[in-house]
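For reference, each letter of the sequence shown is one residue, going 624 to 887 in my numbering.
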Amino acid sequence: MQQFAIFGNPVVHSKSPLMHNLVFKHLNYSACYGRYLLEDGALLRKKFLDLGLKGINITVPHKEHAYQACDFLDSFAQKVGAVNTIIEKDGKLHGYNTDAPGFLKAIASFQESKTVLFLGAGGTARSTSMILQDEGYSVTILNRSKERLKYFEEKGFETALIEEFQPSSSFDLIINMTSAGLQDDSLPAPKELLDTLIPQAKACIDVIYGKETPFLKLAKEHNIPTKDGSDMLLYQGVIACEYFTNHKYTTQEIEEEMKQAFIL
Ligand code: NDP
């Protein structure tokens with residue numbers, strides 16, 4: 624039986640074991656998926672090999688360590704410097720990033736949108752902004768502190784500090800890429816700024832899932848369509864599972880089983 628796991632810190636609340644085990648069980652794939660609390664990211668490769676795993680997903684804060692741990696990277700993972708899925712093949716570790724294509728699929732229903740405002744400039748913003756740029760979206764990145772904006776400036780994105788931002792046009796999509804609202808009741812930007820931007824948007828999206836964040840609550844008060852991060856989580860998992868099962872099943876077959884994890 625092949626063994627898979629999610630590596631992260633913390634990892635106890637991850638939905639990934641449920642998502643993948645539902646697929647393995649219902650499609651009769653001989654595999655099981657656990658969770659592993661990895662405190663030191665530098666040990667990722669050693670732990671993977673010591674545990675005899677076939678594949679892993681990687682969550683916060685180890686996606687850059689995962690990138691370093693691989694022998695081979697697909698071109699997108701190489702480009703963004705972050706890996707959330709690793710497969711062992713012939714003793715070598717192959718790394719992929721399924722967060723970004725998962726995110727793209729999650730926002731597919733907003734096809735008419737072309738201009739996007741990101742609130743936040745962390746690891747998730749890095750990979751998702753790059754795939755949007757590849758797809759022809761115009762992406763502006765705001766962050767509360769300067770340090771993380773440098774990466775985006777170098778990649779050619781419009782950037783600004785949240786506190787200095789003076790909007791000169793509207794944005795089709797406004798996306799909360801911060802962890803504001805995850806474990807607290809904070810907004811990702813000052814309410815006055817959001818009260819100006821949100822009414823002009825076609826939709827507001829949050830990458831946080833499993834709760835209504837203050838950001839999405841505010842968007843609803845403005846009667847703007849909203850979407851949380853559940854579909855992003857689902858689709859990154861579906862794409863990872865395609866790698867885990869070596870493309871034995873169709874996307875639809877995996878998606879149908881994996882979706883059950885969100886209603887259990
Ligand atoms: P990082 O730690 O890499 O970055 C955090 C970002 O949030 C930084 O830009 C930080 O700004 C900003 N931030 C944190 N708190 C606040 C606040 N109170 N007000 C304003 N800005 C704030 O995190 P990730 O990019 O890895 O994750 C971001 C979010 O994405 C998390 O909530 C995570 O749960 C979610 N996520 C969802 C996924 C899904 O499948 N749905 C997948 C992956 C992540 P600064 O630079 O100033 O510190």
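Even glycine gets a Cβ: it sits at the ideal position worked out from N, Cα and C.
Note that the structure is a prediction, hence the values are computed from the model and not measured.
Asked                                                                                                           : Found
Any non-hydrogen atom of ligand 1 closer than 8 angstroms to S768 Cβ                                            : yes
Collapsed DSSP secondary structure at C864 in the structure displayed                                           : helix
Nearest to E880 (by Cα), restricted to the options V861, Y866, A700                                             : V861
The stretch 705-714 / the stretch 839-849 touching (three or more Cβ pairs under 8 angstroms)                   : no
Buried or exposed by the 16-neighbour rule on C-beta atoms within 10 Å, applied to H636                         : exposed
Outcome for H685 when other beta-carbon atoms lying within 10 angstroms are tallied against a minimum of 16     : buried
Backbone secondary structure at G718 - three-state DSSP                                                         : strand
From D713, N680, R668, residue whose alpha carbon lies closest to that of Q691                                  : R668
When C655, V634, N651 are compared against H643, the one with the closest alpha-carbon                          : C655
Rounded C-alpha distance that separates G657 from Q626                                                          : 8 angstroms
Proximity winner among G804, E776, R771, C827, relative to S793 (alpha-carbon distances)                        : C827
Those runs of the beta strand (DSSP E) which lie wholly inside the stretch 655-689 and span at least 3 residues : 678-681
Limits of the beta strand (DSSP E) - the one that T763 falls within                                             : 761-766
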